[in-house]
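Okay, so here's the structure we're looking at.
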Amino acid sequence: MRASIGVTRGAFELDLTLEVEPGQTLALLGPNGAGKSTALAALAGLVDTTGTIELAGRVLDDVPVEHRRIGYVFQDYLLFPHLTVLDNVAFGSTRAIAVEWMRRLDIADLAARRPPQLSGGQAQRVALARALATNPDLLLLDEPLAALDVAIRDDVRSELAAHLAAIDVPTIVVTHSFEDVAALADHVIVIEGGVATQRATVRELVRAPATPYVERLVRDWSDD
Amino acid sequence: MAHRRSGVAPALWVPAAIAVALLVLPLVALVVRAPWGQLGSLLARPEVLQALLLSLGTAALATLLCLVLGVPLAVVLARSVTWPAVPRRLLRALVTVPLVLPPVVGGVALLLLLGRRGLLGQWLDEWFGITIPFTTTAVVIAQVFVALPFLVFAVEGALRASDGRFEVAAATLGASRLTVFRRITLPLVAPGIASGALLCFTRSLGEFGATITFAGSFPGTTQTLPISTYLLLQSDPDAAIALSLVLMAVSVAVLLTLRDRWVPGVVS
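Note that the protein sequences, when read in sequence, are chains D and E.
Take 1 as the starting number for the first sequence in the working numbering and just add one per residue.
Take 1001 as the starting number for the second sequence in the working numbering and just add one per residue.
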């Protein structure tokens, strides 16, 4: 996946190029309002963007959302409240594929439940299964741990890391937490004020933070 | 202090009590004066049954038509927030018209459109030999005219209150717009559609002014329950009271069904 994204919203401008290979997870790290989520929305076709997006040999610029083959796990998961877990996961797929993903993500026993009956961690896995069941060419995770209680966040993060490691789909995860980056990502793009201020592997980022923002994140992280 | 602030000035109690009396006492009178002993035989009379069945049938058909036409209109109205101000307000005003228009004026307007010499009616008559006024079809059209806004606004309210991001999520899963509407939007606003349909049915059942003007009062074809009630009041008051009780019972039943939804001030 290769993309250049340009989004203008009033005074805010996002200008970003990014690349991610199958089996890799790229993190977009940045403070609130930096444009990380806007970048995901642009990739998914939810906001207008200049630039061009190339995915699995297709140019997506004029391709509508429903034909992009991009799996999107939203920050608050947006599980359909009127459907069971099984029907949620099967929404963009078939029941057989849904059942298989639910088995892989260890949520098969939740099939008959409705979203309000799920814990935060369960809801996250259902959302992940729902996105993966569509067999996407790219997976987008928007702050996947932000909606969870701090008490369970560490456990869910390591589970998520294991699941992401087990799939071959190129993945982009948006986060403002260095814990998430360290656990989930191979490569990082730091976004501040709509532009990339550092591109690095997680190790390089720790060794040589390029901006005061990254420096502070890394310091807080290594203090913990 | 909290007690005092939430209290009502004594001077307001009197007009408020009179207002409640004005709303309730006529209904009390209806219940008190009802010929309870003969109710069964009055309601079993053929002409009464005929009016009852005609009313239920036409109101059901009108509700169905309102659903088919009104739900899409509600979607358009709910999405019109992105339109320029003039067409957006114009559309809303047009949908509101039947709510504020005297029903008899609606009946006159329908006659002028669909009557044998009406704008459309003359062509319907000439080309297809179709005459609408003073038929059961006219009853249904009159009911749709007055009841449609109730459905549209109930559904529109539900659409606006529902989280549009579920539709976005469905689109990212590959669903077409129609699939999103069918599998996400409609189920999420189903309670709003149900309460809108119920209000629509009640309004249709009670329709009088537009119906008698546009459809007349022919027993068996256009003489609905309210019209029958009005006519019987001259000749057979007991029967009229019995019919009024039936209409009131339906209204109360609807009110009880909707008590948690859409009834202003009771909404939780």
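Each residue gets a CB set at the ideal place from its N, CA and C atoms; glycine is no exception.
**OP:** Could I get the ranges of all uninterrupted alpha helix (DSSP H) runs contained in the segment 43 to 95 of chain D, with 4 residues as the minimum, in chain order?
**Re:** For the segment 43 to 95 of chain D, whole alpha helix (DSSP H) runs of length 4 or above, ordered along the chain, are 85 to 89.
**OP:** Please say whether valine 1152(E) and leucine 1258(E) have beta carbons closer to each other than 8 Å?
**Re:** No, the pair does not count as a contact, with Cβ atoms beyond the cut-off.
Subject >> Length of the line joining the Cα atoms of glutamate 1047(E) and leucine 1199(E) >> reply: The alpha-carbon atoms of glutamate 1047(E) and leucine 1199(E) are separated by roughly 26 Å.
Original post:
Can you tell me whether DSSP reads proline 12(D) as helix, strand or coil?
Top reply: Looking at the sequence shown, residue 12(D) is not proline but phenylalanine. Correct three-state label for phenylalanine 12(D): strand.
Original post:
By the 10 Å Cβ neighbour count, where 16 or more other Cβ atoms means buried, how is glutamate 143(D) classified, buried or exposed?
Top reply: Here glutamate 143(D) is buried: its Cβ has 16 or more other Cβ atoms, across all protein chains shown, within 10 Å.
Original post:
So which residues on chain E does isoleucine 70(D) lean against when the C-beta distance must stay under 7 Å?
Top reply: Correct list: Thr1172.
Original post:
Could you give the distance in angstroms between the alpha-carbon of leucine 148(D) and the alpha-carbon of leucine 79(D)?
Top reply: Taking C-alpha positions only, leucine 148(D) is separated from leucine 79(D) by approximately 15 Å.
Subject >> Host alpha helix (DSSP H) of arginine 199(D) (start-end) >> reply: Run containing arginine 199(D): none in the alpha helix (DSSP H); it sits in the beta strand (DSSP E), 195 to 201.
Original post:
Quick one: what does DSSP say glutamate 19(D) is sitting in, helix, strand or coil?
Top reply: Strand.
Original post:
Taking Cβ-Cβ distances shorter than 8 Å, what residues in chain D pair up with isoleucine 984(E)?
Top reply: Given that chain E is displayed from residue 1001 to residue 1268, the structure contains no residue 984(E) and the question cannot be resolved.
Original post:
For valine 1189(E), does the three-state DSSP call read helix, strand or coil?
Top reply: Of the three classes helix, strand and coil, the one that applies to valine 1189(E) here is coil, per DSSP.
Subject >> Contacting residues, own chain, Cβ-Cβ under 7 Å from threonine 175(D) (five flanking each side not counted) >> reply: By the criterion of a C-beta distance shorter than 7 Å, threonine 175(D) is surrounded in its chain by Ala27, Leu29, Glu143 and Val181, once the five residues flanking it on both sides are discounted.
Original post:
Where in the segment 81 to 165 of chain D do unbroken runs of the beta strand (DSSP E), each at least 3 residues long, occur, reported from the N-terminal end onward?
Top reply: Listed in chain order, they are 138 to 142.
**OP:** Tell me the start and end of each unbroken alpha helix (DSSP H) in the segment 1112 to 1173 of chain E that is at least 4 residues and wholly inside, in chain order.
**Re:** Counting whole runs of 4 or more residues, the segment 1112 to 1173 of chain E contains the alpha helix (DSSP H) stretches 1136 to 1161 and 1165 to 1172.
Original post:
For the candidate residues Val1014(E), Gly1220(E), Phe1145(E) and Ile1132(E), whose alpha-carbon lies nearest to that of phenylalanine 1201(E)?
Top reply: Scanning Val1014(E), Gly1220(E), Phe1145(E) and Ile1132(E) for the CA closest to the CA of phenylalanine 1201(E) turns up Phe1145(E).
Original post:
When we look at the beta-carbon of alanine 1249(E) and count the other beta-carbons within 10 Å, is it buried (16 or more) or exposed?
Top reply: With fewer than 16 other Cβ atoms within 10 Å, it is exposed.
Original post:
For alanine 3(D), which beta-bridge partners are listed by DSSP?
Top reply: Beta-bridge pairing links alanine 3(D) to Leu18(D) and Ile53(D).
Original post:
CB-CB under 6 Å to leucine 40(D), same chain, minus the five flanking residues each way: which ones, in chain order?
Top reply: Hits under 6 Å: Leu140, Asp142 and Val174.
Original post:
I think threonine 1211(E) touches valine 1139(E), with their Cβ atoms under 8 Å apart; what is that distance to the nearest whole Å?
Top reply: Yes, threonine 1211(E) and valine 1139(E) are in contact; Cβ-Cβ is about 6 Å, under 8 Å.
Original post:
Comparing alpha-carbon positions, which option in Gly1057(E), Val1104(E) and Trp1013(E) lies nearest leucine 1225(E)?
Top reply: Among Gly1057(E), Val1104(E) and Trp1013(E), the Cα nearest to that of leucine 1225(E) is on Gly1057(E).
Original post:
Mind pulling the chain E residues with CB within less than 7 Å of valine 65(D)?
Top reply: Per Cβ cutoff of 7 Å: Ala1171 and Thr1172.
Original post:
Does any residue of chain D bring its CB to less than 8 Å from the CB of leucine 1178(E)?
Top reply: Not one chain D Cβ lies under 8 Å of leucine 1178(E).
Original post:
Would you call arginine 1165(E) buried or exposed, if buried means 16 or more other Cβ atoms sit within 10 Å of its Cβ?
Top reply: The residue in question, arginine 1165(E), is exposed, as its Cβ has fewer than 16 Cβ neighbours within 10 Å.
Original post:
Counting along the chain, where does the alpha helix (DSSP H) carrying glutamate 179(D) start and finish?
Top reply: Its alpha helix (DSSP H) spans residues 178 to 184.
Subject >> DSSP-derived helix/strand/coil call for leucine 1067(E) >> reply: Note: leucine 1067(E) maps to helix in three-state DSSP.
Original post:
Can a CB atom of chain D be found closer than 8 Å to the CB of phenylalanine 1181(E)?
Top reply: At a cut-off of 8 Å, the C-beta of phenylalanine 1181(E) has no neighbouring C-beta in chain D.
Original post:
Does valine 1152(E) come within less than 8 Å of chain D when only Cβ atoms are used?
Top reply: So no, valine 1152(E) is outside the interface.
**OP:** Determine the extent of the beta strand (DSSP E) in which leucine 28(D) is found, giving its start and end residues.
**Re:** DSSP places leucine 28(D) in the uninterrupted beta strand (DSSP E) bounded by 25 to 29.
Original post:
Would you say arginine 113(D) faces chain E, with C-beta separation under 8 Å as the test?
Top reply: Nearest CB-CB separation between arginine 113(D) and chain E: not below the 8 Å threshold.
Original post:
Tell me which same chain residues have a C-beta within less than 7 Å of the C-beta of isoleucine 1130(E), skipping the five on either side of it?
Top reply: Cβ neighbours of isoleucine 1130(E) beyond the five flanking positions: Leu1124.
Original post:
How should alanine 1009(E) be labelled, buried or exposed, when 16 other C-beta atoms within 10 angstroms of its C-beta is the threshold for buried?
Top reply: It is exposed - the Cβ of alanine 1009(E) has fewer than 16 other Cβ atoms within 10 Å.
Original post:
Hey, is leucine 1188(E)'s beta-carbon within less than 8 Å of any beta-carbon in chain D?
Top reply: So yes, leucine 1188(E) belongs to the interface.
Subject >> Cut-off 8 Å between Cβ atoms - residues of its own chain near glutamine 24(D), not counting five sequence neighbours on either side >> reply: The beta carbon of glutamine 24(D) is closer than 8 Å to those of Pro170, Thr171, Asp186 and His187 in its chain, skipping five residues each way along the sequence.
Original post:
Since leucine 1188(E) and serine 1162(E) are thought to touch, with beta carbons under 8 Å apart, how far apart are those beta carbons, to the nearest angstrom?
Top reply: Sure, about 5 Å apart at Cβ, within 8 Å.
**OP:** Could you work out which residues of chain E lie near threonine 38(D), taking near to mean beta carbons separated by less than 9 Å?
**Re:** Those within 9 Å of threonine 38(D) in chain E number zero; the least Cβ separation is about 14 Å.
**OP:** Pick out whichever of Pro136(D), Val214(D) and Leu145(D) has its Cα sitting closest to the Cα of glycine 71(D).
**Re:** For the residues Pro136(D), Val214(D) and Leu145(D), the minimum Cα distance to glycine 71(D) belongs to Pro136(D).
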